[in-house]
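Down below is the structure, laid out as structure tokens.
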Amino acid sequence: MSTYYLPARSTADGRYDTVVTPESAGWGYSGLKVLELSPSGTATFATGDAETLVLPLSGSCTVTCDGERFEVQGRRNVFSRVTDFVYVPRDAEVTVTSASGGRFALPSAKCGRRLPARYGPAENVPVELRGSGQASRQVNNFCTPETFEADKLIACEVITPGGNWSSFPPHKHDEAGEHEAELEEIYYFEVADGPHGPGFAWQRVYGTPERPIEVSEEVRSGDVVVIPHGWHGPSAAAPGYDLYYLNVMAGPGADRAWLISDDPAHGWVRSTWAPEDLDPRLPLSSAVEKEGDDAR
616 MSTYYLPARS
626 TADGRYDTVV
636 TPESAGWGYS
646 GLKVLELSPS
656 GTATFATGDA
666 ETLVLPLSGS
676 CTVTCDGERF
686 EVQGRRNVFS
696 RVTDFVYVPR
706 DAEVTVTSAS
716 GGRFALPSAK
726 CGRRLPARYG
736 PAENVPVELR
746 GSGQASRQVN
756 NFCTPETFEA
766 DKLIACEVIT
776 PGGNWSSFPP
786 HKHDEAGEHE
796 AELEEIYYFE
806 VADGPHGPGF
816 AWQRVYGTPE
826 RPIEVSEEVR
836 SGDVVVIPHG
846 WHGPSAAAPG
856 YDLYYLNVMA
866 GPGADRAWLI
876 SDDPAHGWVR
886 STWAPEDLDP
896 RLPLSSAVEK
906 EGDDAR
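The following block contains the structure:
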């Protein structure tokens, strides 16, 4: 098993199903915790030197920070809706309370500036349909440089219909330059269940001769892959099982920019994509909650 692949609950600590810190990942900025609350559960934490988001994976919550109270509608699960969220700054004490219980991702990034706590409505999250054919996927750009202000943190959600590939062509962002930014990245996965049990997907990461890295793993709900450098992709959804992943990125650059370089062996694929060939199943979710079986 790769040291960059973290199976579900392998980093659990108390109420947190997942704990990835800059220290545990061996880098400088990006972090992620997944908080699980039972009905009427409450958790209070200090953000320290990291700006943080409270992003519902399932359930709703109330977030209090800096004397403000934010009501977060959340969602049934990651496939049922594009969710609202809350941004909380560094050097803050935050309390998350959930009347009915739920699971809440806490993406974070060490940063210098202290910005105000803010609410991000689901209706304001741009939903991008990217790729073509069996490389079609949905990207919820809720905390990207063009859509939401932060100091260092970049985060988005990707939903890939069963049988499709995303994070393709393989790309990297580990060198600062005109066309590439230096960003550490965390992938957190959830996979839709099938009629007879949990689904699965596959994640690939590989390096350059100068900076080798190797990940080729079956991933399931709750698994994490940390990517300090190297080409990453594809993230392949098995037929019949829709795939979700949360991307968390941050790095040392003065500018908060998400710039990537395609693997030159595979970047040509982009030129073959035509908008009319987008997978008709997309988008798989919107700001409106799905009902019943449609919510996966």
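Under the numbering used here, the residues of the sequence shown are numbered 616 to 911, in order.
Just so it is clear, CB atoms sit at the ideal spot from N, CA and C, and this is done for glycine as well.
Being a predicted model, the structure only gives us computed values, none of them experimental.
> For residue 853, which residues of its own chain have a beta-carbon under 7 Å away from its beta-carbon, when the five flanking residues on both sides are left out?
Replying inline: Taking the first residue of the sequence shown as position 1, residue 853 is located at position 238. Taken in chain order, the residues that qualify are 777, 814, 815 and 816.
>> If you reduce the DSSP assignment to three classes, tell me which class residue 630 lands in.
In response: On the sequence shown, position 15 is the one that residue 630 refers to. Here residue 630 sits in coil by DSSP.
> Count the other CB atoms within 10 Å of the CB of residue 653; is the residue buried (16 or more) or exposed (fewer)?
Replying inline: Within the sequence shown, the letter at position 38 stands for residue 653. By the neighbour-count rule (16 or more Cβ atoms within 10 Å), residue 653 is not buried but exposed.
> Is residue 655 buried or exposed, if buried means 16 or more other CB atoms sit within 10 Å of its CB?
Replying inline: Translated into the one-based positions of the sequence shown, residue 655 becomes position 40. Exposed, because fewer than 16 other Cβ atoms sit within 10 Å of the Cβ of residue 655.
>> Just to confirm my understanding: we take residue 798, look at its own chain, exclude 5 residues before and 5 after, and list those with CB closer than 6 Å. What are they?
In response: The residue labelled residue 798 in the question sits at position 183 within the sequence shown. The answer, listed in chain order, is 788, 864 and 866.
>> In the DSSP assignment, the alpha helix (DSSP H) including residue 617 goes from what residue to what residue?
In response: On the sequence shown, position 2 is the one that residue 617 refers to. Residue 617 -> no alpha helix (DSSP H), and no H or E assigned at all.
> Which residues does DSSP pair with residue 838 in a beta bridge?
Replying inline: Locating residue 838 in the sequence shown gives position 223, where the first residue counts as 1. Its beta-bridge partners do not exist; DSSP assigns none.
> Quick check: the segment 762 to 770 against the segment 661 to 674, are there 3 or more CB pairs under 8 Å?
Replying inline: Verdict: yes, contact present.
> What are the boundary residues of the beta strand (DSSP E) that residue 640 is part of?
Replying inline: Sequence index remark: in the sequence shown, residue 640 carries index 25 (1-based). Note, residue 640: premise wrong, no beta strand (DSSP E); alpha helix (DSSP H) at 637 to 640.
> Taking three-plus beta-carbon pairs below 8 Å as touching, is the segment 672 to 682 in contact with the segment 702 to 716?
Replying inline: yes
> Residue range of the beta strand (DSSP E) that residue 771 falls in?
Replying inline: As a first step, residue 771 must be located in the sequence shown, where it is residue number 156. Taken as a continuous stretch (DSSP letters only), the beta strand (DSSP E) holding residue 771 covers 769 to 775.
>> Let me confirm a value: residue 759 is counted as buried when at least 16 other C-beta atoms fall within 10 Å, else exposed. Which label applies?
In response: What you label residue 759 is simply residue 144 of the sequence shown in a count that begins at 1. By the 10 Å Cβ count, residue 759 comes out buried.
> Using a Cβ-Cβ cut-off of 7 Å (strictly less than) and excluding sequence neighbours within five positions of residue 727, which residues of its own chain qualify?
Replying inline: In the sequence shown, the residue the question calls residue 727 occupies position 112. Cβ within range, chain order: 766.
> Anyone know if the C-beta pair for residue 821 and residue 792 falls short of 7 Å?
Replying inline: In the sequence shown, counting from the first residue as 1, residue 821 sits at position 206. In the sequence shown, counting from the first residue as 1, residue 792 sits at position 177. Not in contact: residue 821 and residue 792 (Cβ atoms no closer than 7 Å).
> Do the CB positions of residue 754 and residue 764 come within less than 7 Å of each other?
Replying inline: Position 139 of the sequence shown, counting from 1, holds the residue named residue 754. Position 149 of the sequence shown, counting from 1, holds the residue named residue 764. In this structure, residue 764 does not lie closer than 7 Å to residue 754 by Cβ.
> What separation, rounded to the nearest whole angstrom, lies between the Cα atoms of residue 620 and residue 752?
Replying inline: Walking along the sequence shown from the start, residue 620 turns up at place 5. Walking along the sequence shown from the start, residue 752 turns up at place 137. Spanning the two alpha carbons is a distance of roughly 23 Å.
>> Please return the same chain residues whose Cβ sits closer than 6 Å to the Cβ of residue 737, not counting the five positions on each side in sequence.
In response: In the sequence shown, the residue the question calls residue 737 occupies position 122. Here the set comprises 697, 698, 699 and 902.
> What separation, rounded to the nearest whole angstrom, lies between the Cα atoms of residue 828 and residue 786?
Replying inline: Taking the first residue of the sequence shown as position 1, residue 828 is located at position 213. Taking the first residue of the sequence shown as position 1, residue 786 is located at position 171. Those two C-alpha atoms are separated by around 14 Å.
> Whose C-beta lies closer than 6 Å to the C-beta of residue 683 among residues of the same chain, with five residues either side of it excluded?
Replying inline: Along the sequence shown, read from residue 1 onward, the residue named residue 683 stands at position 68. For residue 683, same chain residues with a beta-carbon under 6 Å away, outside a window of 5 residues either side, are 732 in chain order.
> Where does the unbroken beta strand (DSSP E) through residue 875 begin, and where does it stop?
Replying inline: Here residue 875 refers to the residue found at position 260 when the sequence shown is read from its first residue. Element bounds for residue 875: n/a, residue is neither H nor E.
> What's the C-alpha gap between residue 912 and residue 780?
Replying inline: This structure does not reach residue 912, given that the chain is present from 616 up to 911, and the question cannot be answered.
> Would you report the Cα separation of residue 663 and residue 831, rounded to the nearest angstrom?
Replying inline: As a position in the sequence shown, residue 663 is number 48, starting the count at 1. As a position in the sequence shown, residue 831 is number 216, starting the count at 1. Near 34 Å, if we compare the C-alpha coordinates of residue 831 and residue 663.
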